[in-house]
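Have a look at the structure below before the remarks.
2 protein chains.
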Amino acid sequence: MIFNTTTYLVLGILLREPRSGYDIVKELASFRPAKSSQIYPILSKLEKNGYASSSQVLQTGRPNKKVYSVTSSGKEKLKKWLDTSPEPPVIRDDFLSMIFSVWIKEPETLERLVLQRLDYLTERLQYFTDRQQTLETAFPSEIRNFYSWHHSNYLLTRRRIAVTKEDIKWCKEVLEEPAIAWKRAQAEPPSPV
Amino acid sequence: MIFNTTTYLVLGILLREPRSGYDIVKELASFRPAKSSQIYPILSKLEKNGYASSSQVLQTGRPNKKVYSVTSSGKEKLKKWLDTSPEPPVIRDDFLSMIFSVWIKEPETLERLVLQRLDYLTERLQYFTDRQQTLETAFPSEIRNFYSWHHSNYLLTRRRIAVTKEDIKWCKEVLEEPAIAWKRAQAEPPSPV
DNA sequence: GCTCTCATGTAAATGGTTACATGATTCT
DNA sequence: AGAATCATGTAACCATTTACATGAGAGC
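Here the protein sequences come in this chain order: A and B.
Taking the working numbering, the leading residue of the first sequence gets 1, the next gets one more, and so forth.
Taking the working numbering, the leading residue of the second sequence gets 1001, the next gets one more, and so forth.
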């Protein structure tokens, strides 16, 4: 069986708490989005090869679900992966590819792209700041305990907040560029001195 | 013909200056890596559909090459793309997926992963800082001119430096976590007071 | 002698998305 | 009445990587 990194992520999420495929997709959405059509086949393979086991959970008023748990061999597999070294990150950011060629258009295009980006980043920052708040109030001791998964979450959330803030700062700097800012200066009333 | 974002990037890079497939791969490496097996078919398609044109350049002492340029219809296509809105970025970072599950191991694992990450980030920071220096000394006026591609490069380089610095800061914070730092404190000689 | 750079491509495989199928319940 | 959520999956397609093929010249 081929273990790609998404498979290890699925194992890692199930190890925190048994879940259905549907729940995994939701949980992954903010961290590393994946579609259900990718997750369900991974779960089948994990079970077929003994790395995970499933049990039917009957529900009333909504569809029944299949809840998966990690087996000891699954946990071992995950541990061994953590003793390896990760590949460098892959970033596919169409916004940056657009900035790459924006010089062939007018400054207005750059302004629009950066303003839209700011909207996106501001929303993300809000989301992760809320998450940090929740972690701090709901799990004040766990986030300081290395052996709790909340500690991992806390580290990742703090990182996300830090880099997002820096990205926002960069956007605001771009909007202060003369080519963009002179237009705003004209539109504004003279500053009262 | 299907234009994916990599195709637009290729168009954007050729518009700056005509290049061979081999040169495109090198140029893209630091910004958005792509293999030659992906680039060459894109170039063929662009030419077949009239968005780019090629000419053989004969060389002595090294293989001849095919240098591609963007046609006016290619430039139009690129401009239209810049009037759309980009999809949210996709980040595949195995390091972060490992941090996600590191709580099932010992603090040493986290320490090793973060130290390796610091090496990687430090190298990247050096690379982009050098690049910024080069841009500032070689193109002092172009980087301030919106209609020069050096301006786009300068914006992207500055962003990269800013977020990388923040990522490095986070790594160093993680290394100061009690679970990791107490070990170092024991290894160190008592601080002279 | 070995590895690196230059240079262009094809074939096979993997990773991931889009589209489709199905259906009850709850919210607007 | 229509959209959203819960729930699981398959088939087809797209994007990208790995592996392969070829070959000359430069540097160690």
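Every residue gets a Cβ at the ideal spot worked out from N, C-alpha and C, and that includes glycine.
It should be emphasised that the depicted structure is a prediction, and the values quoted were computed from it without experimental measurement.
Taking 7 Å as the CB-CB cut-off, is residue i touching chain B?
i                 : result
Trp-170 (chain A) : yes
Thr-137 (chain A) : no
Thr-129 (chain A) : no
Val-70 (chain A)  : no
Glu-166 (chain A) : yes
Gly-21 (chain A)  : no
Val-114 (chain A) : no
Trp-182 (chain A) : no
Ser-37 (chain A)  : no
Ala-179 (chain A) : yes
Ser-152 (chain A) : yes
Leu-46 (chain A)  : no
Leu-78 (chain A)  : yes
Gly-12 (chain A)  : yes
For residue i, list the residues DSSP reports as bridge partners.
i                  : result
Ile-1099 (chain B) : Answer by DSSP bridge pairing: none, since Ile-1099 (chain B) is not bridged.
Ile-91 (chain A)   : B:Ile-1091
Arg-1019 (chain B) : B:Tyr-1068
Arg-55 (chain A)   : Before going further, note that residue 55 (chain A) is Ser rather than Arg in the sequence given. Ser-55 (chain A) pairs with A:Val-67.
Count the other CB atoms within 10 Å of the CB of residue i; is the residue buried (16 or more) or exposed (fewer)?
i                  : result
Val-1057 (chain B) : exposed
Gly-1021 (chain B) : buried
Val-1114 (chain B) : buried
Asp-1083 (chain B) : exposed
Tyr-1147 (chain B) : exposed
Asn-1232 (chain B) : Given a span of 1001 to 1193 for chain B in the structure shown, any question on residue 1232 (chain B) remains unanswerable.
Gly-1050 (chain B) : exposed
Arg-1117 (chain B) : buried
Glu-111 (chain A)  : buried
Asn-145 (chain A)  : exposed
Arg-1062 (chain B) : exposed
Thr-7 (chain A)    : buried
Just checking my contact of residue i with residue j at CB under 8 Å: how many whole Å lie between their CB atoms?
i                  : j                  : result
Pro-1088 (chain B) : Tyr-120 (chain A)  : 6 Å
Leu-1014 (chain B) : Ser-101 (chain A)  : Leu-1014 (chain B) to Ser-101 (chain A), Cβ: 10 Å. No contact.
Val-1067 (chain B) : Ser-1055 (chain B) : 6 Å
Below 7 Å between beta carbons: does that hold for residue i and residue j?
i                  : j                  : result
Leu-1155 (chain B) : Leu-1078 (chain B) : no
Arg-131 (chain A)  : Thr-157 (chain A)  : yes
Ile-1143 (chain B) : His-1150 (chain B) : yes
Ala-1179 (chain B) : Pro-1107 (chain B) : yes
Ile-1002 (chain B) : Ile-1024 (chain B) : no
Thr-5 (chain A)    : Asp-1094 (chain B) : yes
Leu-1009 (chain B) : Ser-97 (chain A)   : yes
Ala-1034 (chain B) : Leu-1028 (chain B) : yes
Trp-170 (chain A)  : Arg-1159 (chain B) : yes
Ile-1091 (chain B) : Ile-91 (chain A)   : yes
Ile-99 (chain A)   : Ser-1085 (chain B) : no
Any beta-carbon of chain A closer than 7 Å to the one on residue i?
i                  : result
Glu-1111 (chain B) : no
Ile-1143 (chain B) : no
Lys-1105 (chain B) : yes
Phe-1003 (chain B) : no
Ser-1203 (chain B) : Residue 1203 (chain B) is absent from the structure shown; chain B starts at 1001 and stops at 1193.
Ile-1161 (chain B) : no
Ile-1099 (chain B) : yes
Ile-1024 (chain B) : no
Ala-1185 (chain B) : no
Asp-1093 (chain B) : yes
Glu-1087 (chain B) : yes
Val-1067 (chain B) : no
Tyr-1051 (chain B) : no
Leu-1043 (chain B) : no
Tyr-1147 (chain B) : yes
Val-1090 (chain B) : yes
Leu-1156 (chain B) : yes
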